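First up is the structure itself, then whatever we jot down about it.
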Amino acid sequence: MITNPHMKKHLWLYATGVLCVVHICLNMIWIMHNEDFMGFDVFEHLTRQERLYAETKAILALTEPLEAKIKDVLYLFFRSPYSHSQFPGFVYLITIIQKLIFGDHWTLPFLANSFYLLMLLFSTYAVGALCANGFIGFLAAFILSTSPEITGIVRYYGLDYPLMAFFACSFLILLKTEYFQKIRYTLLLAVFCIIGILIKGQFVFFIVPSMSVFFFFALRQKKLREGNLIILSVISCFVVLFITYIWWEGRVKELLHILWTHLTFFYAGESPSLGFIARHVFFYGRTMVLAMFPFYFLLAVWSLYYVFRKYATVPIRGIFWVSISTYLVFTLISAKNARYLYPIYFGYAILVAYCICGLAERRTRRIVLVSIFIIGSVQTVVMSFGPKPIYSWIRTNFVNRIRGNDRSEIWIELPRSSNTRAQVRSMARHIEGANKNVLILNDPFADLTRSVEFEYFLRHANPSLIVNSSPWWPLEEMLMSADYLIFNDNSIYAQALIGARNKFETAAADLIYEHRDDYAVLWVGEWCASYGEPLKMMVLAKKIV
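Sequential numbering from 0 applies to the sequence shown in numbering that gives the first Met the number 0.
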């Protein structure tokens, strides 16, 4: 029995803290045991922040004034060729600051998500506590954190989990504004809008419906004074102008082209299809079954019905309409992927927690709560470290049947069992000397993930190497400066290097063939790809001096 009044008052806040610690520990164990991080987007982000980190260190090493260094770093992240046309550099910037403080270990970008995990779960708790009470906040945080795909995505380096965290925090601040009456929270909301858009442009698809819903409630209840409306308009203009200046300047034409493509070309899955069909309408509903798992999904559907039919507080009704409107917005947008809707999942978790605690029948309420804690705990453990036969059965009999050919990642992952990192370490031992140029050849007809993956791990296995995944141009210049080549043994580059064929599918392969006498095979390694895929091999070739 808790007798300390302070402890009793903040019990569920402390419980949320314990929940965060448990998940951080599980994530650390998973990452340290993982031998192979698959997914092209993950390594695209990793490679980009690696190159930005190298450039940032070079800028900081200069003897320029501090103001000039800051200006150069900001230009590097937001205006230079290293920045991405669609993805702003805020997440990369935060990762690099962490690396400058804690060191450049290969696990740091993945463990850096612990910061966003804390932000997401505590924001979820705070929204639940603000809408009802602390227990509902804790229950919502538990449901969200034990949803399988939310558990999985935090262990990968990307932009989606930070987007989830900042949207949840922005939503909390939106509630704190009390219909935009509190100016300091309104200003803080503007700051978080800036950061959210600098994480990923999709942030506007979540925050605009949220602000619109609560703006409507404010007008309906006559809680929005004219003075506050003017201030809100000024703040909105400030956000738009600020973001336009530092990011969208010079990118407006490309942005409009992307938006036009997404709004006019409907597809769901790898195969494009014209027209608006039921597959598009229910795309996110079907993927949510897997992302939340059936038990949570059924509770979410029931909670939407419960809030619609029963009386609920204004914040809960606001979350209800935000959840519905966001789902409709992403249904109307042609580009579809399961992870696009993840940021609103914290809203569904709050609705479920609120509705369960509102059940009049005490016995039913207890049964559902116990089921949630048991199923959530089992889900997290099994999907993290369970036997692979369990995972294979789930993927074969559940994941594939529900998703079919939908274009969406599967973030429910066990630690990968391939020995990629061990092979990279073995390969690195065969490269003699420091500051050697290593060129990893991308086969245009093979999975690009492998070459980017090898580049990332090789950089950390031997930091003295200069490693590049081959750009298509200028390939000849890269070949002239390369001391070592790395390629897949069954690629067209392998055929070109050993002279097995005289006719190749690309001009790049012909170029390799012309330089085949300049290199000799030095090392051949093999690894077993994850989940029973066939053995593959990587070849290391050394330039003949």
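Idealized CB from N, CA, C, for every residue including glycine.
Quick caveat, the model's predicted, so the values are computed rather than measured.
Other residues of its chain near residue i: CB distance less than 6 angstroms, five sequence neighbours each side excluded
i	result
N461	A427
V139	Note on residue identity: the sequence assigns Ala, not Val, to residue 139. The residues are T123, G127, A348, I349, A352.
S113	I23
L12	none
P271	Caution is warranted here: a pLDDT of 42 is assigned to P271, below 50, making its placement in the model unreliable, and the coordinate value is therefore given only provisionally. Excluding positions up to five away in sequence, the list is empty.
V212	G317, W320, V321
L273	Any answer about L273 is weak, because its pLDDT of 39 lies below 50 and its placement is not dependable; what the coordinates show is given next. Same-chain partners within the cutoff: there are none.
Where residue i sits in the DSSP three-state scheme
i	result
Y156	coil
Y310	coil
S324	helix
F281	coil
A139	helix
A359	coil
T46	helix
K335	coil
P473	coil
A131	coil
T176	coil
L61	coil
E148	helix
E54	helix
N112	helix
W301	helix
G268	Caution applies to G268, whose pLDDT of 44 falls short of 50 and renders its modelled position unreliable; the value that the coordinates give is listed next. Of the three classes helix, strand and coil, the one that applies to G268 here is coil, per DSSP.
S407	A caution first: S407 carries a pLDDT of 49, below 50, which makes its placement in the model unreliable, though a value can still be read off. Three-state result, S407: coil.
G102	coil
I430	coil
F86	coil
N33	coil
H256	helix
G385	coil
C-beta atoms of residue i and residue j nearer than 9 angstroms
i	j	result
T379	L120	no
H459	D103	yes
P147	F292	yes
R343	F166	For the record, residue 343 in the displayed sequence is Ile; it is not Arg. Contact: yes.
I30	T150	no
G133	H9	yes
N436	Y483	yes
F170	G346	yes
Y512	K541	no
I485	N434	no
G157	H256	no
P87	K199	yes
F384	I100	no
V523	L510	no
F141	L18	yes
S545	V321	Because the chain here runs from 0 to 544, residue 545 falls outside it and cannot be looked at.
G315	C130	The sequence given here places Ile at residue 315; Gly does not occur at that position. Result yes, Cβ atoms of I315 and C130 sit closer than 9 angstroms.
L116	A164	yes
A290	Y341	yes
V328	F204	yes
I196	V238	yes
Q494	A508	yes
V313	Q220	yes
Sequence-distant residues of its chain with Cβ nearer than 7 angstroms to residue i (five each side left out)
i	result
S468	I439, N441, S450, V451, E454
Y184	I172, K175, T176
V423	F453, F456, L457, A460
L188	S169, I172, L173, T176
S463	A433, N434
H429	L521, W522, L539
T55	V72, L75, I95
A125	G136, L171
Strand pairing of residue i, partner residues [DSSP]
i	result
I465	N436
A545	Past the boundaries of the shown model lies residue 545; the chain is included only from 0 to 544, so the question cannot be answered.
Chain-order list of residues whose beta-carbon lies under 8 angstroms from that of residue i (same chain, five-residue window excluded)
i	result
S407	Since pLDDT at S407 reaches only 49, below the 50 mark, its modelled position is unreliable, and the value read off the structure follows with that caveat. T286, K335, N336, A337, R338.
R364	I355, C356, L358
T46	V451, E454, Y455, S468
Self-check item: Stretch-stretch touch, CB-based, cutoff 8 angstroms, three pairs: the segment 171–183 with the segment 52–64
Solution: Not touching, per the Cβ criterion.
Self-check item: Contact the segment 346–364 vs the segment 290–305: 3+ CB pairs below 8 angstroms
Solution: Three or more beta-carbon pairs drawn from the segment 346–364 and the segment 290–305 are found closer than 8 angstroms, and the two stretches are therefore classed as touching.
Practice problem: Assess, as a yes-or-no matter, whether the segment 184–192 is touched by the segment 371–378 under the definition of 3 or more beta carbon pairs within less than 8 angstroms. | Solution: no
Quiz item: How do the segment 45–53 and the segment 86–93 stand: do at least 3 beta-carbon pairs fall below 8 angstroms, yes or no?
Solution: yes
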